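One structure is given here, and the rest of the page talks about it.
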Amino acid sequence: MGRADETIMDETKDILTGLADPAQLRRTVARWQSEWPEPGGTCPIHAMLITIGRIDTVNVAFGESAGDVALVEVAQRIRHFASDELESGVWLAARLNGGNFMLLAREECSRERWQWLAEALCDAIAGPIASPGGGANLRLWPRAALMRASEHDDADTMLDRLSELAERNRQSAGSRIAWSSGVVAQGKRSSHELEADLLAAIDRDEIEILFQPQFSLDDDSVIGAEALARWHHPVIGKVGAGALFQIAERADHTAQLSRHIAERALQGARSWPEGLRLSLNITPADLAVENFALDFARLSDSVGFPMERVTLEIVEQVLLADLDRVKSVLDQLKLLDCRIALDDFGAGFCNFRYLKVLSLDCIKLDRSMVDGVIEDERDQAVFRAIMGMASALDLSVIVEGVETQEQRDFCAREGCEYYQGFLRAEPMTAAEFDNLVSS
1 MGRADETIMD
11 ETKDILTGLA
21 DPAQLRRTVA
31 RWQSEWPEPG
41 GTCPIHAMLI
51 TIGRIDTVNV
61 AFGESAGDVA
71 LVEVAQRIRH
81 FASDELESGV
91 WLAARLNGGN
101 FMLLAREECS
111 RERWQWLAEA
121 LCDAIAGPIA
131 SPGGGANLRL
141 WPRAALMRAS
151 EHDDADTMLD
161 RLSELAERNR
171 QSAGSRIAWS
181 SGVVAQGKRS
191 SHELEADLLA
201 AIDRDEIEIL
211 FQPQFSLDDD
221 SVIGAEALAR
231 WHHPVIGKVG
241 AGALFQIAER
251 ADHTAQLSRH
261 IAERALQGAR
271 SWPEGLRLSL
281 NITPADLAVE
291 NFALDFARLS
301 DSVGFPMERV
311 TLEIVEQVLL
321 ADLDRVKSVL
331 DQLKLLDCRI
341 ALDDFGAGFC
351 NFRYLKVLSL
361 DCIKLDRSMV
371 DGVIEDERDQ
381 AVFRAIMGMA
391 SALDLSVIVE
401 GVETQEQRDF
411 CAREGCEYYQ
421 GFLRAEPMTA
431 AEFDNLVSS
């Protein structure tokens, strides 16, 4: 699992998105290079400049507030993508200005992998964004300029090189992804090849299921785990769940992948002690299946893990298609004793109508809700407002991304029930989770 670099005491952030600002980016690059332990070696920094087209059009057509909502959503998607896909543990996401963002990773990374990461991130950003006015969903068009820093590069030369490349690519209507060296990755996998690779990986049972432990804030006891999917591709390396489903969607095999992950996760949880819960993510493709609730109940029964110990998590993108249909399916799942959680709450725009009309049991606060909450009184006020709303609606709360004891103690004081994050445990295999709960 990747981890954002947030170790500098004088950390500064972009006011709108909460990502690092340009000054923070410069300090981070300088620190990475000065601290690199290999004498005479070049610190392995890969950089990705993401430029968002059409943001000015959004401002004109829908108003600046809609543009701001879109930029906040883009920032959250970059943050989530980096956390899911970058496994070195050291990365930084920054907003430079307007619709320009930078993602940096300090890790040994092949050209093929960095190019694929750029393509996958652009796909994630290009997905529909809910309009704050309740009208048509917004769509943006991202491009990415890529480079690996040389021993002579600092943050400013990297920004100059990538900005020049991005502008040149925009004016020439070039490809969505470009390298500052002008050399395209050799051995790069096409979309069709990746889709075929994924179907073969499902058939060969090569999709790894990891479990992110979840804990009670009352006594730190394990209360269950969230199932996470990973795929180790021989060319592009680790592929996280978000990118996995992007590939599957292009191949029209989202439902097949989702069922495969659910079945493997249920099998992995079958030996858990009584009372531990399994959390699984469900997709728009799942909810589009006519008999999804009954099919899932049959799968749960055939594996031998009871529905009453399953929590199905939905994200806002699931709700953008047909809220009435989603409500109908969730109502069926509730009748079958399954719990429903609204995932990534607080990440970008959220339509509070969801909380009113859907049969929810829990909200999962996005990791951005605890990022900086100890130092920022406004963040604390927002956190408390959400907790008050959850209490009024009789919703339990689980907090994601808890990485420090201070964050954990704050969440406990504010009345949260559960948490997950690197403070106590990183995602682990089924065997490792069994050892954790039996120790």
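Heads up: the sequence shown begins at 1 in the UniProt record's numbering, then just goes up one per residue. Ideal Cβ positions, reconstructed from N, Cα and C, are used throughout, including at glycine. Quick caveat: nothing in here was measured; it's all calculated off a predicted structure.
Check	Outcome
Rounded C-alpha distance that separates GLU406 from GLN212	20 angstroms
Member of ALA149, VAL357, ALA124, PHE422 whose CA lies at the smallest distance from the CA of ARG139	ALA124
Identity of the residue in SER180, LEU299, LEU198 nearest HIS253 by Cα	LEU198
Counted within 10 angstroms of its Cβ, other Cβ atoms place ARG77 as buried (16 or more) or exposed	buried
Span of the beta strand (DSSP E), counted from its first residue to its last, around GLU274	First-last for GLU274: undefined, no H or E at that position.
Contact under 8 angstroms by Cβ, GLY242 with ASP84	yes
DSSP three-state assignment for VAL184, whether helix, strand or coil	In this predicted model, VAL184 has a pLDDT of only 49, less than 50, meaning its place in the structure is not dependable; the value taken from the coordinates is given anyway. Three-state result, VAL184: coil.
Counted within 10 angstroms of its Cβ, other Cβ atoms place THR311 as buried (16 or more) or exposed	buried
Residues bridged to THR311 [DSSP beta-bridge criterion]	SER279, ARG339
Whole-angstrom distance between SER110 and VAL184, CA atom to CA atom	Confidence at VAL184 is low in this model, with a pLDDT of 49, below 50, so the placement of that residue should be treated as unreliable; the coordinate-derived value is given next. Rounded to the nearest angstrom, the two C-alpha atoms are 12 angstroms apart.
DSSP bridge partner residues for ALA288 (one or two, in chain order)	Beta-bridge pairing links ALA288 to no other residue.
Residues near SER150 by beta carbon distance below 8 angstroms, same chain, minus five either side	THR42
C-beta atoms of SER279 and GLY240 nearer than 8 angstroms	no
Among VAL69, ARG168, ALA262, GLU206, the one whose alpha carbon lies nearest that of GLY346	VAL69
Residue span of the beta strand (DSSP E) that contains ARG408, given as start and end	Not the beta strand (DSSP E): ARG408 falls in the alpha helix (DSSP H), residues 405-413.
DSSP three-state assignment for ARG298, whether helix, strand or coil	helix
Simplified DSSP state of residue 440, which is helix, strand or coil	Because the chain spans 1 through 439 in this model, residue 440 falls outside it and cannot be assessed.
Where the beta strand (DSSP E) containing VAL239 begins and where it ends	237-239
Start-to-end residues for the beta strand (DSSP E) that takes in SER175	Premise fails: SER175 is in no beta strand (DSSP E) and is neither H nor E.
For GLN267, the nearest candidate out of LYS334, ALA430, LEU244, ALA385 (CA to CA)	ALA430
Own chain partners of residue 445 with C-beta closer than 7 angstroms, once the 5 adjacent residues on each side are dropped	Because the chain in this structure spans residues 1 to 439, residue 445 falls outside the shown range and cannot be described.
Helix, strand or coil at GLY401 according to DSSP, with G and I counted as helix	coil
DSSP state of ASP21 mapped onto helix, strand, coil	coil
Any 3 or more C-beta pairs closer than 8 angstroms across the region 217-233 and the region 283-293	no
GLU208, enclosing beta strand (DSSP E) - first and last residue	207-216
Beta bridge counterpart(s) of HIS232 as assigned by DSSP	LYS238
Opening and closing residue of the alpha helix (DSSP H) in which PHE101 lies	No alpha helix (DSSP H) holds PHE101; the beta strand (DSSP E) holding it covers 100-106.
Residue of ALA120, GLN171, ARG26, ASP21 minimising C-alpha distance to GLY53	GLN171
Neighbourhood of LEU117 by C-beta distance below 7 angstroms, restricted to the same chain and skipping five residues each side	GLU85
DSSP state of GLY345 mapped onto helix, strand, coil	A small fix is needed here, since residue 345 is Phe in this sequence, not Gly. Three-state DSSP puts PHE345 in a strand.
Beta-carbon gap between ILE55 and GLY99 smaller than 8 angstroms	yes
C-beta contact flag for VAL222 and LEU423 at 8 angstroms	no
Member of LEU333, VAL399, ASP361, LEU103 whose CA lies at the smallest distance from the CA of PHE81	LEU103
For ARG148, the residue or residues it bridges with in DSSP	HIS46
Run of the alpha helix (DSSP H) containing ASN169, from where it starts to where it stops	155-171
Cβ-Cβ distance between VAL315 and LEU365 below 8 angstroms	no
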